[in-house]
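Novice:
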DNA sequence: GGGTGTTCAGTGACCTTGTCACCAAACAAC
DNA sequence: GTTGTTTGGTGACAAGGTCACTGAACACCC
């Protein structure tokens with residue numbers, strides 16, 4: 001069983017294509033906090049993530065940041081695809097959040113795969129589709145959704161099965177594209193209601209139900 | 001000279017591909033205000049615009065709207081590409097703003113073209129690239145840019161060579177993803193400064209320089 | 001012409017969010 | 001312990017969004 005089977009869309013590749021892909025790609029490992037691509041640093045390979053996550057974010061002229069989306073294990077970093085073929089520079093930045101293992105497919109191999117395999121084409125276009133949808137959601141949230149609701153959603157999302165979130169107010173602000181003070185105020189309000197407890201760098205969810213209720217409203 | 005030459009990225013297609021494209025595609029005309037795609041209405045063809053513009057916008061649950069981008073003559077409506085191959089539904093909506101003439105490429109032909117021609121692949125991926133970049137810009141503007149600046153930019157953009165903008169406050173609000181009242185207040189402030197004159201449905205730019213200055217700040 | 005309904009814009013009160021300047025507590029390093 | 005850095009708290013104010021309501025401009029009809 002090769003890494004290919006970790007990718008839904010690739011499991012049905014014909015053997016010839018499969019072998020070509022295995023031959024032409026190589027597995028790379030990057031440490032946490034590596035900038036994988038960014039302004040003036042366009043990637044030479046399409047990356048398929050095996051382990052770790054990549055955070056894609058945008059920084060404004062004034063230095064404020066916002067997280068656009070994350071690439072998880074089993075997904076491809078399609079933003080780079082566009083660079084691969086269209087040679088365009090993005091203002092966004094991709095950062096490995098954890099140590100990350102990925103399959104790197106060189107430009108020429110990528111082009112040949114898109115040409116030769118309908119399955120690979122579907123894989124690529126599906127990935128694009130998902131990213132664009134993600135961006136639509138981000139736009140809608142920023143433009144129309146109240147911040148307390150978005151913050152509640154983010155807390156639920158970040159704590160997973162745990163009951164604590166390890167993050168600073170500043171980092172949460174970047175996730176939501178807002179200012180640190182605003183997050184601090186909202187968290188204080190949550191605390192006042194007895195929903196959370198805070199210490200420096202950690203937020204403990206006490207009343208997950210209430211937070212969840214707000215998140216869904 | 002065929003319509004193909006209206007598209008930068010397609011002018012260098014080899015003759016065989018060119019002929020295939022001409023044979024398989026057909027030219028369609030849709031009247032103004034037609035919904036070309038939308039939730040539950042996925043398109044069967046890739047559209048390349050010959051004349052007119054298509055406005056792509058998103059509507060929130062609460063009914064508020066925001067314009068995401070526009071497709072102009074000479075561009076392709078790639079959002080549909082994703083639907084073509086990935087069969088995914090979008091929450092966004094594409095509307096012909098004016099009477100629109102376009103080349104329609106059926107799904108199967110699109111797939112074959114992507115497979116057979118590196119030039120066509122580049123054309124498609126470049127278009128994707130541009131749209132994603134557009135969305136990044138929208139996100140940055142909404143999240144970080146002041147509304148008076150964005151409104152000034154929009155006025156300059158909409159008036160073109162004329163000195164009047166034909167639009168209601170409500171439509172401007174949708175362009176910027178804000179509320180009508182906010183636009184009204186800002187325009188009043190512009191008027192108070194002597195930058196514009198307003199009548200129902202029209203805004204006349206009097207001091208274009210000052211508006212431009214604000215737009216660039 | 002006058003009457004009627006619709007679209008568009010103006011208004012004030014109020015709430016949420018963003019900004020600025022500054023302070024204090026927690027932590028890290030020496 | 002002393003010192004510097006990171007993190008979070010605070011208050012005042014500005015900007016933007018919401019709500020409820022008003023009136024003006026326009027289209028249409030007799």
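Chains as they are written, first to last, in the UniProt record's numbering: chain A, 1 to 217; chain B, 1 to 217. Yeah, the Cβ is synthetic: ideal placement off N, Cα and C, and Gly gets one too.
Comparing the C-beta of residue 138/A with each C-beta of chain B, is any distance below 8 Å?
Specialist: Taking the first residue of the first chain as 1, we reach residue 138/A at position 138. Yes - at least one Cβ of chain B is within 8 Å of the one on residue 138/A.
Novice: For residue 20/B, does the three-state DSSP call read helix, strand or coil?
Specialist: Here the question's residue 20/B lines up with position 20 in the second chain. Looking at residue 20/B - three-state DSSP - the assignment turns out to be helix.
Novice: So residue 111/B contacts chain A; which residues on that side make the cut at Cβ distance below 8 Å?
Specialist: Here residue 111/B refers to the residue found at position 111 when the second chain is read from its first residue. Ordered by position in chain A, the residues that pass the 8 Å Cβ test against residue 111/B are 118, 121.
Novice: Only counting the same chain, and skipping five residues up and downstream in sequence, which positions put a Cβ closer than 8 Å to that of residue 217/A?
Specialist: Position 217 of the first chain, counting from 1, holds the residue named residue 217/A. Once the five neighbours on either side are set aside, the close Cβ partners of residue 217/A are 149.
Novice: Give the C-beta separation of residue 48/A and residue 76/A to the nearest angstrom, bearing in mind that I take them to be a contact with Cβ-Cβ under 8 Å.
Specialist: Position 48 of the first chain, counted from the start, is the residue given in the question as residue 48/A. Position 76 of the first chain, counted from the start, is the residue given in the question as residue 76/A. That belief holds up - the Cβ atoms of residue 48/A and residue 76/A are roughly 5 Å apart, short of 8 Å.
Novice: If the criterion is Cβ atoms closer than 8 Å, does the pair residue 9/A and residue 54/A meet it?
Specialist: Position 9 of the first chain holds residue 9/A. Position 54 of the first chain holds residue 54/A. No, these two residues do not count as a Cβ contact at 8 Å.
Novice: In the DSSP output, which residue or residues are listed as bridge partners for residue 7/A?
Specialist: What you label residue 7/A is simply residue 7 of the first chain in a count that begins at 1. BP columns for residue 7/A are empty, so no partner.
Novice: Less than 8 Å between CB atoms is the rule here; does residue 37/A satisfy it with respect to chain B?
Specialist: Reading the first chain from its first residue, position 37 is the one you call residue 37/A. It does not: the Cβ of residue 37/A has no partner Cβ on chain B nearer than 8 Å.
Novice: Taking all protein chains shown into account, decide if residue 162/A is buried (16 or more other Cβ within 10 angstroms of its Cβ) or exposed.
Specialist: For the purposes of this step, residue 162/A is identified with residue 162 of the first chain, where counting begins at 1. Flag for residue 162/A reads exposed.
Novice: Figure out for me which residue from 179/A, 199/A, 35/A, 154/A has the closest Cα to the Cα of residue 98/A.
Specialist: Here residue 98/A refers to the residue found at position 98 of the first chain. Answer by Cα proximity: 35/A.
Novice: What does residue 102/B pair with, by DSSP beta-bridge criteria?
Specialist: Locating residue 102/B in the second chain gives position 102, where the first residue counts as 1. Paired residue(s): 28/B, 49/B.
Novice: Per DSSP, what are the beta-bridge partners of residue 69/A in this structure?
Specialist: Along the first chain, one-based indexing puts residue 69/A at 69. DSSP lists 56/A as partners of residue 69/A.
Novice: Note the first and the last residue of the continuous alpha helix (DSSP H) segment covering residue 212/B.
Specialist: For the purposes of this step, residue 212/B is taken as residue 212 along the second chain, with counting starting at 1. Note, residue 212/B: alpha helix (DSSP H), 208 to 215.
Novice: On a CA-only basis, which of 208/B, 41/B, 14/B is nearest residue 165/B? Give me that one, please.
Specialist: Within the second chain, the letter at position 165 stands for residue 165/B. Residue 165/B has its Cα closest to that of 208/B, out of 208/B, 41/B, 14/B.
Novice: Take residue 172/B and list the residues in its own chain whose beta-carbon comes closer than 6 Å to its own, dropping the five residues that flank it on each side.
Specialist: Position 172 of the second chain holds residue 172/B. So the qualifying residues of the chain are 183.
Novice: Please classify residue 121/B as buried or exposed, where buried requires at least 16 neighbouring CB atoms within 10 angstroms.
Specialist: Position 121 of the second chain, counting from 1, holds the residue named residue 121/B. So residue 121/B counts as buried.
Novice: Using a Cβ-Cβ distance cut-off of 8 Å, determine whether residue 42/B contacts chain A.
Specialist: Reading the second chain from its first residue, position 42 is the one you call residue 42/B. Taking Cβ atoms only, chain A never reaches closer than 8 Å to residue 42/B, which makes this a no.
Novice: Around the Cβ of residue 140/B, are there at least 16 other Cβ atoms within 10 angstroms (buried) or fewer (exposed)?
Specialist: Position 140 of the second chain, counted from the start, is the residue given in the question as residue 140/B. Counting Cβ neighbours within 10 Å, residue 140/B comes out buried, since at least 16 surround it.
Novice: CA-CA distance, residue 203/A and residue 196/A?
Specialist: The sequence position of residue 203/A within the first chain is 203, counting from 1. The sequence position of residue 196/A within the first chain is 196, counting from 1. About 7 Å.
Novice: Considering only the beta carbon of each residue, do residue 107/B and residue 27/B sit closer than 8 Å?
Specialist: By 1-based counting over the second chain, the position of residue 107/B is 107. By 1-based counting over the second chain, the position of residue 27/B is 27. It is not a contact, given that the beta carbons lie outside the stated cut-off.
Novice: Under 8 Å, Cβ to Cβ, is there at least one residue of chain B near residue 67/A?
Specialist: As a first step, residue 67/A must be located in the first chain, where it is residue number 67. With 8 Å as the cut-off, residue 67/A does not count as an interface residue toward chain B.
Novice: Assign residue 42/B to one of three DSSP states: helix, strand, or coil.
Specialist: Counting from 1 along the second chain, the entry for residue 42/B is found at position 42. Three-state DSSP puts residue 42/B in coil, outside helix and strand.
Novice: Should residue 50/B and residue 114/B be called a contact, given that it needs their Cβ atoms to be closer than 8 Å?
Specialist: As a first step, residue 50/B must be located in the second chain, where it is residue number 50. As a first step, residue 114/B must be located in the second chain, where it is residue number 114. It is not a contact, given that the beta carbons lie outside the stated cut-off.
Novice: Are the Cβ atoms of residue 186/A and residue 147/A separated by less than 8 Å?
Specialist: Within the first chain, the letter at position 186 stands for residue 186/A. Within the first chain, the letter at position 147 stands for residue 147/A. Against a cut-off of 8 Å, the Cβ pair of residue 147/A and residue 186/A comes out as a contact.
Novice: Let me know if residue 72/B comes out buried or exposed under the rule of 16 or more other beta-carbons within 10 Å of its beta-carbon.
Specialist: Reading the second chain from its first residue, position 72 is the one you call residue 72/B. The residue is exposed, with fewer than 16 neighbouring Cβ atoms inside 10 Å.
Novice: Could you list the residues in the region 135 to 161 of chain A with a C-beta less than 7 Å from some C-beta on chain B, going in chain order?
Specialist: Flagged, chain order: 135, 136, 138, 139, 140, 142, 143, 144.
Novice: By Cβ distance below 8 Å, which residues in the same chain neighbour residue 201/A in space, the five residues on each side in sequence not counted?
Specialist: In the first chain, residue 201/A corresponds to position 201, counting from 1. 166, 167, 168, listed in sequence order.
Novice: Along the beta strand (DSSP E) that carries residue 204/A, what are the first and last residues, could you check?
Specialist: Locating residue 204/A in the first chain gives position 204, where the first residue counts as 1. From DSSP, the beta strand (DSSP E) with residue 204/A extends over 202 to 205.
Novice: Mind checking whether residue 66/B and residue 143/A have CB atoms under 8 Å apart?
Specialist: Residue numbering aside, residue 66/B sits at position 66 when the second chain is read from its first letter. Residue numbering aside, residue 143/A sits at position 143 when the first chain is read from its first letter. Contact flag set, yes.
Novice: Helix, strand or coil for residue 166/B, going by three-state DSSP, please let me know.
Specialist: Along the second chain, read from residue 1 onward, the residue named residue 166/B stands at position 166. Strand, per DSSP.
Novice: Tell me whether residue 76/B sits in a helix, a strand or coil according to DSSP, three-state version.
Specialist: Along the second chain, read from residue 1 onward, the residue named residue 76/B stands at position 76. Of the three classes helix, strand and coil, the one that applies to residue 76/B here is strand, per DSSP.
Novice: Here's a check: name, in chain order, each residue in its chain whose Cβ is nearer than 6 Å to the Cβ of residue 38/A, leaving out the five neighbours to either side.
Specialist: Translated into the one-based positions of the first chain, residue 38/A becomes position 38. So the list reads 93, once near-sequence residues are dropped.
Novice: Could you tell me the distance, in whole angstroms, from the CA atom of residue 133/B to the CA atom of residue 90/A?
Specialist: Translated into the one-based positions of the second chain, residue 133/B becomes position 133. Translated into the one-based positions of the first chain, residue 90/A becomes position 90. Their Cα atoms are separated by approximately 7 Å.
Novice: Leaving aside the five residues before and after residue 32/A along the sequence, list all residues of the same chain whose C-beta is less than 7 Å from its C-beta, in chain order.
Specialist: On the first chain, position 32 is the one that residue 32/A refers to. Excluding residues within five positions, the ones whose Cβ falls inside 7 Å are 96, 97, 98, 99.
Novice: For the candidate residues 6/B, 192/B, 124/B, whose alpha-carbon lies nearest to that of residue 81/A?
Specialist: Residue mapping note: residue 81/A aligns to position 81 of the first chain, counting from 1. Nearest option by C-alpha distance: 124/B.
Novice: Quick check: the Cα distance between residue 206/A and residue 176/A, rounded to an integer number of angstroms?
Specialist: The residue given as residue 206/A occupies position 206 in the first chain. The residue given as residue 176/A occupies position 176 in the first chain. One C-alpha to the other measures close to 22 Å.
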